[in-house]
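Participant: Chains as they are written, first to last, in our numbering: chain E, 233 to 552; chain F, 17 to 125.
Don't be surprised by glycine CBs; every beta carbon is placed ideally from N, CA and C.
Fair warning: this is a prediction, and the values are worked out from it, not measured in the lab.
1) To be precise: take each residue of the region 77-89 of chain F, compare its Cβ to all Cβ atoms of chain E, and keep it if any distance is under 7 Å. Which residues remain?
2) Which full runs of the alpha helix (DSSP H) of 4+ residues lie inside the region 373-437 of chain E, going along the chain?
3) In chain E, which residues lie less than 7 Å from residue 114/F when you measure between Cβ atoms?
4) Counting only beta-carbon atoms, is residue 328/E nearer than 8 Å to chain F?
5) Taking a contact to mean a Cβ-Cβ separation below 8 Å, would you say residue 470/E touches residue 495/E in this structure?
6) Which residues, taken in chain order from the region 252-273 of chain E, show a beta carbon closer than 9 Å to some beta carbon of chain F?
7) Quick one: is residue 97/F near chain E, going by C-beta distance under 8 Å?
8) Could you spell out where the beta strand (DSSP E) holding residue 518/E opens and where it closes?
9) Under 9 Å between beta-carbons, which chain E residues line up against residue 75/F? List them in chain order, please.
10) Is it buried or exposed for residue 293/E, if we count other Cβ within 10 angstroms and need 16 for buried?
11) Restricting to runs no shorter than 4 residues, where is the alpha helix (DSSP H) found entirely within the region 239-287 of chain E?
12) What's the call for residue 106/F, buried or exposed, on a 16-neighbour Cβ count within 10 Å?
13) Looking at chain F, is there any beta carbon in it that lies within less than 8 Å of the beta carbon of residue 417/E?
14) For residue 535/E, would you say it is in contact with chain A, using Cβ-to-Cβ distances shorter than 8 Å as the test?
15) Count the other C-beta atoms from every protein chain shown that fall within 10 angstroms of the C-beta of residue 358/E, then say buried if there are 16 or more, exposed otherwise.
16) So if I threshold CB-CB distances at 8 Å, which residues from the region 498-518 of chain E count as touching chain F?
17) Buried or exposed, going by whether 16 or more other CB atoms sit within 10 Å of the CB of residue 482/E?
18) For residue 397/E, which residues in the same chain have their Cβ closer than 6 Å to its Cβ, ignoring the five residues on either side in sequence?
19) Find the nearest neighbour of residue 440/E within the set 375/E, 539/E, 387/E, 403/E, judged by alpha-carbon distance.
20) Taking the straight line between their C-alpha atoms, what separation do you get for residue 408/E and residue 43/F?
21) Out of 473/E, 489/E, 238/E, 505/E, which one is the CA nearest neighbour of residue 459/E?
22) By how many angstroms is the C-alpha of residue 58/F removed from the C-alpha of residue 371/E?
23) So, using beta-carbon positions, are residue 518/E and residue 500/E closer together than 8 Å?
24) Taking only beta-carbon atoms, is residue 117/F less than 8 Å away from chain E?
25) For residue 284/E and residue 424/E, what's the separation of their Cα atoms in angstroms?
26) Comparing C-alpha positions only, which one of 363/E, 436/E, 421/E sits nearest to residue 427/E?
27) Which residues, in chain order, does the region 48-69 of chain F contribute to contact with chain E at a C-beta distance below 7 Å?
28) Which chain F residues are close to residue 364/E, counting only those with a beta carbon under 9 Å from its beta carbon?
29) Could you pull out every unbroken alpha helix (DSSP H) segment of at least 4 residues lying fully inside the region 431-491 of chain E, listed in chain order?
30) Out of 79/F, 103/F, 54/F, 55/F, which one is the CA nearest neighbour of residue 128/F?
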């Protein structure tokens, strides 16, 4: 069990007032809230901050913790001295609605249900009490083609579960998931009864899969719209062309008007992901110039330079 | 994969009734109604409480609204605003990512 420095976690000095601690907590809670934060360790940090606040906001727990704290470094291996909690008055119900079951062993040992701070608070769900299992959340990576056509996918989930001896084991679990047609990034697929088991006869929770698109070599997806780069030659750009373009639904003939420049966005209406209304496919033109590798090619380019006399930077002359 | 073992496919169209939604996110019926009033939730189908069905996205959204209220001490309107801003951030992120990939793919050759 590692020692935890609750003051350091909250970023407040040892002599911080209860008001300072409350302010620090609110700020950190907003910053690391797992629904808000994109930081990778947000959930861990959020739990840690809640745990620290649970101790520091309560004058009794804070006093007991302060007495213990001298001489320990954060992360140091920790065993509480046998008499650490003597000499304090306990009012009992020290918990204030926070879910303390997710706190660290360090917290559990010092302030958990078995400690004097735990009061009458016992483990829930033991007798005459049924609790529905927690919902689980995971991500599922799909290809744009999966959403375009709709399909079924077999996924393997590693699920932590307690075995018959009460040990925590990882069980791999195969699931067949139907990917609905037109599903977009960020949408959820719900698999009923595939969450954590309930307690005391409570039903199992559900599994929620959040859809993400796997990076695709050709298609980029934005909502229901599909983006694709269209490389063209300088002569296709200047003269116009008829070009076959891939879409999720197959090849489509596309007319490139003469004088089409790099960055021009052409729309293929309704060729994106299906839906009400369906998305569009955007084709973004990119002129690719062949290198002048041969003498003949160099001659051609030089002739173009002479004949066309084109200055693409004419705009700059006005500013410089 | 073991071809001998058949895995029954899950039905993605599976939606939640009002009661299921309430039980799932652990709040009273009134709170669900308040979330509908606030525009956080919208029944996918049905014209009355007894026939309403909610999508999986709605269930996740409602659960997030409940967590935001409890954890950050904000009211329902605040949670609704936070959810809308989070939605916007997430769609902007997706958009930036799609456009960046479009541009940088060619720049990197």
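Facilitator: From the atom records:
1) 80, 83, 84, 87, 88
2) If we require 4 residues or more, the alpha helix (DSSP H) runs fully inside the region 373-437 of chain E come out as 376-381.
3) 452, 453, 454, 459
4) Interpretation of residue 328/E is limited by its pLDDT of 48, a score under 50 that renders its predicted location unreliable; the figure taken from the coordinates is listed afterwards. No, no contact with chain F.
5) no
6) For the region 252-273 of chain E, the set of residues with a beta-carbon nearer than 9 Å to any beta-carbon of chain F comprises 258, 261, 262, 265, 266, 267, 268, 270, in chain order.
7) no
8) Residue 518/E -> beta strand (DSSP E) spans 513-519.
9) 367, 420, 422, 438, 440
10) buried
11) Positions of the alpha helix (DSSP H) runs, each at least 4 residues long and wholly inside the region 239-287 of chain E, are given as 250-264 in order along the chain.
12) exposed
13) yes
14) No chain A appears in this structure, whose protein chains are E and F.
15) Confidence at residue 358/E is low in this model, with a pLDDT of 44, below 50, so its placement is unreliable and the value that follows should be read with caution. It is exposed - the Cβ of residue 358/E has fewer than 16 other Cβ atoms within 10 Å.
16) Within the region 498-518 of chain E, the residues whose Cβ lies closer than 8 Å to some Cβ of chain F are 516, 518, listed in chain order.
17) Classification of residue 482/E: exposed, given that the 10 Å Cβ count is below 16.
18) none
19) 387/E
20) 31 Å
21) 505/E
22) 24 Å
23) no
24) Yes, residue 117/F counts as interfacial toward chain E.
25) Here the C-alpha atom of residue 284/E lies approximately 35 Å from the C-alpha atom of residue 424/E.
26) 436/E
27) none
28) 39, 40, 42
29) 466-471
30) Past the boundaries of the shown model lies residue 128/F; chain F is included only from 17 to 125, so the question cannot be answered.
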